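Undergrad: Here it is, the structure in full.
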Amino acid sequence: MAPDTVSLRYFLVLAQELNFTRAAARIGIAQPALSARMRRLEAELGTALLIRNTRSVILTTAGAALAESAPPALAALDRAWDTARSAAAGELGTLRIGYSLSAGAETAPALVDRLVRDNSGLEVGAVPMATPEISPAVADGRIDAGITRGEQPGRGVRRYLLRRQRIGVQLAQHHPLAEHPEIEIADAAAYPLRIPDRAANPVIHDELSALFRDIRPHPRFATPAVSFDMSQRDLRDGVTLAPAGEAAVTASPAGLTWRPLRGAPGLTIHLVLPREQSPLHRRIRAVAKTLAHELHWLQD
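Quick note: the sequence shown uses full-length UniProt numbering, first residue 1, plus one each step.
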C-alpha cells in the first residue's frame, strides 16, 4: 500500500531543508510530530529514507530516489483530484444543447459562448431542432439542455424562465407603419400577418394569433413555406408584417426593422433541463441565471 500523501509532502520539504527544525517550521507542525511522520513513512516503505545526526539530515539512496520521483507523481495526483472536483461541480464534460431556430439569432449563441468561456473543461455542441422535439429530447437524454420560445409542454423536464421579450412586428423599413415608434395592434392587423406554422411551434403560434383575437375584421394570417426563414423574404414586399420578439432588432436582415406592439404581452424564452439533474445540469442553470441577470433578460 502506498504511503499517505501528507507524509510524502512533508518528506519533500525535509528533503529540501535537510533539517528537521527548519522543515517543521516551514510546514507549521512541531518537530516531534514531523519526526514521527518520517519514521512511520519509512516503516510503510520498508526502507530508511534519512540518515539522522545531531546537526543535519542526509538522504539515503532510497530517499534521494523518492525525492526525485515523488513531485511529478504528486502533481499527477493533484490533477486527478482537480479533474474529479471539476466533474463534480459540472465544470467538465460534453454538453449538448438543442435550441429552436428562433432562439438561434441571439439567445442560444450568448449562452453557449458564456459556457465555453467560463468553463474551459466543457465541450459544448449546439444544434437547431424543431421546437416540439426539444423537451422530449431533454427528457430522454438525447440532449442535455434545450432553449425554447414559450413554455413548451413535456414530461420529465424542468423549465426555467431565461428571457422575457416585448412582442412587436418585423416589417420593411419603407413600410408606412415603420414611421411610428410603437404600433397599435389594430393597425398591424390591417395588413397580412405572417406567423409560424402551428405544427412548428403550437405555443408561439397560439400566443401570436391570440393578440388579434378581438380584432374585427379578422386579420389575414399566412405561414411561410419554411418554419423559420432568416432572410425574411416575404416581408420585403412592404405589405406583410411578422409578429416577433424583440430579438428581431438585432436579427433583422438589411431592409427590415422591428417595432413594438403597444399593449402586447411579452414572449418568453425558457431553458429546459431534465427533472433529475446532474452537476453539469446545475452548472448550466447557474451560468444561464448569471447571464440573464447581466444582460437584463428578465427585466419587465
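For every residue, glycine included, the Cβ atom is placed at its ideal position computed from N, Cα and C. Quantities reported herein were computed from a predicted structural model and do not represent experimental measurements.
Output needed for Arg155: all residues of its chain with C-beta closer than 7 Å, excluding positions within five of it in sequence on either side, in chain order.
TA: Cβ neighbours of Arg155 beyond the five flanking positions: Ala139.
Undergrad: In whole angstroms, what is the alpha-carbon distance linking Arg37 and Val157?
TA: Rounded to the nearest angstrom, the two C-alpha atoms are 53 Å apart.
Undergrad: Tell me where the beta strand (DSSP E) around Val239 begins and ends.
TA: Careful: Val239 lies outside any beta strand (DSSP E) and carries neither H nor E.
Undergrad: Just curious, the beta strand (DSSP E) that Gln170 is in, first and last residue?
TA: Per DSSP, Gln170 belongs to the beta strand (DSSP E) from 167-172.
Undergrad: Report the three-state DSSP secondary structure of Leu28 (helix, strand or coil).
TA: The amino acid occupying residue 28 in the given sequence is Gly; Leu does not appear at that position. Gly28: coil per DSSP, three-state reduction.
Undergrad: Identify every run of the beta strand (DSSP E) within the stretch 239-284, keeping only runs that are complete inside it and at least 3 residues long; order them along the chain.
TA: Qualifying beta strand (DSSP E) stretches, in chain order: 242-245, 256-260, 267-274.
Undergrad: With distances taken from CA atoms, which of Ser7, Ala15, Pro109, Gly104 is nearest Ala65?
TA: The shortest C-alpha separation from Ala65 is found at Ala15.
Undergrad: Hey, how far is the Cα of Ser56 from the Cα of Ala62?
TA: The alpha-carbon atoms of Ser56 and Ala62 are separated by roughly 18 Å.
Undergrad: May I have the straight-line CA-CA distance separating Val226 from Leu295, to the nearest angstrom?
TA: Any reading at Val226 needs caution, since the residue's pLDDT is 49, under 50, leaving its predicted position unreliable; the model's value is listed next. Between Val226 and Leu295, the C-alpha separation is close to 31 Å.
Undergrad: With C-beta atoms as the reference, is Leu49 less than 8 Å away from Phe20?
TA: For Leu49 and Phe20, no; Cβs fall outside 8 Å.
Undergrad: Run through the UniProt domain "HTH lysR-type" (3-60) for me and flag every whole beta strand (DSSP E) of 3 or more residues, listed as ranges in chain order.
TA: Within the UniProt domain "HTH lysR-type" (3-60), the complete beta strand (DSSP E) runs of at least 3 residues are 50-52, 57-59.
Undergrad: Per DSSP, what kind of secondary structure is Ile195 in: helix, strand or coil?
TA: Ile195 falls in the coil class under three-state DSSP.
Undergrad: When the Cα atoms are used, what is the spatial distance from His293 to Leu111?
TA: Rounded to whole angstroms, His293 to Leu111 spans 12 Å at the Cα level.
Undergrad: Do the CB positions of Val272 and Ser102 come within less than 8 Å of each other?
TA: Taking 8 Å as the Cβ cut-off, Val272 and Ser102 do not qualify as a contacting pair.
Undergrad: Cutting at 6 Å between CB atoms, please list the residues of its own chain near Arg198, excluding the five before and the five after it.
TA: Closer than 6 Å at the Cβ level, and outside the excluded window around Arg198, lie His205.
Undergrad: By the three-class DSSP mapping on this structure, what secondary structure does Ile185 have?
TA: Ile185 falls in the helix class under three-state DSSP.
Undergrad: Would you list, in sequence order, the uninterrupted beta strand (DSSP E) runs of no fewer than 3 residues that lie entirely inside the stretch 121-172?
TA: Counting only runs of 3 or more, we get 121-129, 145-149, 157-165, 167-172.
Undergrad: Is the stretch 253-271 in contact with the stretch 161-172, if contact means three or more CB pairs nearer than 8 Å?
TA: In short, these stretches touch, since the Cβ pair count reaches three.
Undergrad: Do Pro243 and Ile167 count as a contact pair if the criterion is CB distance below 8 Å?
TA: Cβ distance < 8 Å, so Ile167 and Pro243 count as in contact.
Undergrad: Could you check if Ser120 is buried or exposed, using at least 16 other CB atoms within 10 Å of its CB as the buried criterion?
TA: Exposed, by the Cβ-count rule.
Undergrad: Quick test of your reading: Ala23 and Leu34, contact by CB under 8 Å. State the CB separation rounded to the nearest angstrom.
TA: With a Cβ gap of about 6 Å, Ala23 and Leu34 count as contacting.
Undergrad: Can you tell me where the alpha helix (DSSP H) holding Arg117 begins and where it ends?
TA: Element bounds for Arg117: 107-118.
Undergrad: Can you tell me the Cβ-Cβ gap for His281 and Asp144, rounded? I've got them flagged as a contact below 8 Å.
TA: Yes, His281 and Asp144 are in contact; Cβ-Cβ is about 7 Å, under 8 Å.
Undergrad: Mark Leu77 as exposed unless 16 or more other C-beta atoms lie within 10 angstroms of its C-beta, in which case mark it buried.
TA: With fewer than 16 other Cβ atoms within 10 Å, it is exposed.
Undergrad: Specify the secondary structure class of Ile97 as computed by DSSP and reduced to three states.
TA: Three-state DSSP puts Ile97 in a strand.
Undergrad: Tell me the rounded alpha-carbon separation between Gln152 and Glu276.
TA: Taking the straight line joining both Cα atoms gives about 18 Å.
Undergrad: Taking the CB atoms as reference points, tell me whether Leu59 and Ala67 lie closer together than 8 Å.
TA: Yes, these two residues count as a Cβ contact at 8 Å.
Undergrad: Please decide whether Leu101 counts as near chain B, where near means a Cβ-Cβ distance under 8 Å.
TA: Chain labels in this structure do not include chain B; a single protein chain is all it has.
Undergrad: Assuming contact is defined by CB atoms lying nearer than 8 Å, are Thr250 and Gly150 in contact in what I supplied?
TA: Cβ distance not < 8 Å, so Thr250 and Gly150 don't count as in contact.
Undergrad: Alpha carbons only, please: which of Leu18, Arg39, Arg164, Ala130 is nearest the one belonging to Asp4?
TA: Closest by alpha carbon: Arg39.
Undergrad: Buried or exposed for Gly46, going by 16 or more other Cβ atoms inside 10 Å?
TA: By the 10 Å Cβ count, Gly46 comes out exposed.
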